[in-house]
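Per this note's numbering, the very first residue in the sequence shown carries number 2; after that it's consecutive.
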Amino acid sequence: MKIYREIKNLKDELKRPILTIGNFDGVHLGHQAILKKIVSRAKEAGGHSVVFTFEPHPLKVIAPDKDIRLITSCDERVRLIEDAGVGAVICANFTKEFAEQNPDDFVKNVLHKKIGVFEVYVGHDYAFGKDREGTISHLKELGKRYGFYVGVIEPVVIDGAIVSSSRIRQMILDGNVDNAAKLLGRNYALNGMVVEGAGRGRKLGFPTANIELPSELIPKDGVYAVKVKKGDKIYDGVANIGNKPTFKNERFGVEAYLFGFNGSLYNEMLEIEFVKRIRNEMAFRNADELIAHMKDDVSAAKEILKLKG
């Protein structure tokens with residue numbers, strides 16, 4: 002897949018571009034329906050399937066006070082888009098100047114003159130240009146003017162509601178990771194480096210990896226059944242998110258116990274897939290009580306992961 006980090010003249014590089022535009026945070030099932038459409042249409046038309054997306058997320062530029070937490074980083078988005086079979090991604094630098102473009106100028110100068118779009122497919126709620134003034138109806142009018150077709154993909158509905166990035170974000174913040182997975186089409190995952198901890202888990206018989214995570218979207222405090230990817234190996238496990246209230250003055254963090262793993266993980270990059278929340282984080286009276294609950298957590302996680310396959 003070709004990746005373009007700037008908007009330039011791509012008419013000579015992209016043949017009959019079948020394009021979609023959006024943030025695609027999470028690359029959830031709704032996004033995947035759009036990607037499937039542009040990939041299939043590109044094959045039929047003998048063209049290139051193209052995703053036009055942004056970095057950083059527009060809200061981080063035009064409404065930084067909202068403190069939006071992203072489901073996926075730009076690199077993760079690009080990887081997931083590539084996995085969907087898309088031929089090219091334009092990852093445009095979103096600036097205040099870019100946000101000031103009116104809808105007509107964006108279509109004329111970017112989509113028509115620089116990309117030469119053949120067809121454009123968007124979601125049902127798509128809006129574009131300064132202050133999101135551009136509607137789908139207006140995009141269709143501009144498509145007629147500049148000679149490209151505009152198609153609208155119907156939303157994906159799960160459990161009676163439309164699949165959306167904002168809905169998934171709230172589920173993750175609430176610890177509802179198993180239902181978030183239904184909307185994503187995969188488990189929610191975070192990547193982080195293993196850093197040195199207090200070594201308390203090993204003394205208790207449950208050696209854990211303390212993981213340094215980015216300050217993006219962290220699930221609600223608590224204990225989770227997880228899958229941990231280390232290189233090309235995947236381990237079942239259990240993870241705790243929070244301040245470890247049994248021990249005073251502990252920093253907020255994530256620690257994971259990998260079933261069947263022996264060895265050091267310091268300075269390793271791990272991917273933690275959150276499968277299901279088991280319980281709230283709790284303060285215990287002593288180490289023995291904590292160990293008993295950890296054994297229960299391990300049993301619960303094994304049962305969950307066995308059922309989830």
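Every residue gets a Cβ at the ideal spot worked out from N, C-alpha and C, and that includes glycine.
CB of residue i within 9 angstroms of CB of residue j, strictly
{"i": "E217", "j": "L71", "result": "yes"}
{"i": "E269", "j": "V195", "result": "yes"}
{"i": "T209", "j": "A257", "result": "yes"}
{"i": "A190", "j": "E83", "result": "no"}
{"i": "R280", "j": "V229", "result": "no"}
{"i": "E120", "j": "P18", "result": "yes"}
{"i": "L140", "j": "V123", "result": "yes"}
{"i": "D222", "j": "N244", "result": "yes"}
{"i": "A100", "j": "I63", "result": "yes"}
{"i": "A162", "j": "R170", "result": "no"}
{"i": "A85", "j": "V151", "result": "no"}
{"i": "N103", "j": "G130", "result": "yes"}
{"i": "Y267", "j": "E197", "result": "yes"}
{"i": "A226", "j": "I305", "result": "yes"}
{"i": "N211", "j": "V178", "result": "no"}
{"i": "V108", "j": "G148", "result": "no"}
{"i": "I8", "j": "V111", "result": "yes"}
{"i": "E290", "j": "N241", "result": "no"}
{"i": "G27", "j": "T96", "result": "no"}
{"i": "D160", "j": "N180", "result": "yes"}
Boundaries (first-last residue) of the alpha helix (DSSP H) holding residue i
{"i": "A284", "result": "Per DSSP, A284 belongs to no alpha helix (DSSP H) and is neither H nor E."}
{"i": "A100", "result": "97-100"}
{"i": "E83", "result": "75-84"}
{"i": "L266", "result": "First-last for L266: undefined, no H or E at that position."}
{"i": "V62", "result": "59-63"}
Buried or exposed by the 16-neighbour rule on C-beta atoms within 10 Å, applied to residue i
{"i": "K204", "result": "Note that K204 scores 49 on pLDDT, short of 50, meaning its location in the model is unreliable; the coordinates nonetheless yield the value given after this. It counts as exposed."}
{"i": "M295", "result": "buried"}
{"i": "L308", "result": "exposed"}
{"i": "R278", "result": "buried"}
{"i": "D106", "result": "exposed"}
{"i": "F260", "result": "exposed"}
{"i": "G176", "result": "buried"}
{"i": "A182", "result": "buried"}
{"i": "A293", "result": "exposed"}
{"i": "I166", "result": "For the record, residue 166 in the displayed sequence is Ser; it is not Ile. By the 10 Å Cβ count, S166 comes out buried."}
{"i": "H125", "result": "exposed"}
{"i": "D297", "result": "exposed"}
{"i": "I4", "result": "exposed"}
{"i": "G65", "result": "According to the sequence shown, residue 65 is Pro rather than Gly. With fewer than 16 other Cβ atoms within 10 Å, it is exposed."}
{"i": "A288", "result": "exposed"}
{"i": "F25", "result": "buried"}
{"i": "D13", "result": "exposed"}
Per DSSP, cross-strand counterpart(s) of residue i
{"i": "I19", "result": "S50, E120"}
{"i": "N177", "result": "None, per the DSSP bridge assignment."}
{"i": "Y150", "result": "E120"}
{"i": "D237", "result": "K228"}
{"i": "L191", "result": "I273"}
{"i": "N211", "result": "V196, E256"}
{"i": "A162", "result": "I159"}
{"i": "G243", "result": "G254"}
{"i": "F55", "result": "A93"}
{"i": "R278", "result": "Y225"}
{"i": "P129", "result": "Correcting the residue type first, residue 129 is Phe in the shown sequence and not Pro. According to DSSP, F129 bridges with G135."}
Residue span of the beta strand (DSSP E) that contains residue i, given as start and end
{"i": "V227", "result": "223-231"}
{"i": "A257", "result": "254-259"}
{"i": "A301", "result": "Counting along the chain, A301 falls outside any beta strand (DSSP E), though it belongs to the alpha helix (DSSP H) covering 288-309."}
{"i": "V90", "result": "89-94"}
{"i": "E134", "result": "No beta strand (DSSP E) contains E134, which DSSP labels as neither H nor E."}
{"i": "I8", "result": "That residue, I8, is in no beta strand (DSSP E); it is neither H nor E in DSSP."}
Contact test: residue i Cβ vs the ligand FAD heavy atom, cutoff 8 angstroms
{"i": "G27", "result": "The ligand FAD is not part of this structure, which contains no ligands at all."}
Proximity test, Cβ basis, 9 angstroms: residue i and chain C
{"i": "E120", "result": "Chain labels in this structure do not include chain C; a single protein chain is all it has."}
Three or more C-beta pairs under 8 angstroms: does that hold for the segment 47-54 against the segment 80-96?
By the Cβ rule, the segment 47-54 counts as touching the segment 80-96, because three or more pairs are nearer than 8 angstroms.
Is the number of C-beta pairs between the segment 154-172 and the segment 22-41 that are closer than 8 angstroms three or more?
yes
Taking three-plus beta-carbon pairs below 8 angstroms as touching, is the segment 12-27 in contact with the segment 105-120?
A contact exists between the segment 12-27 and the segment 105-120.
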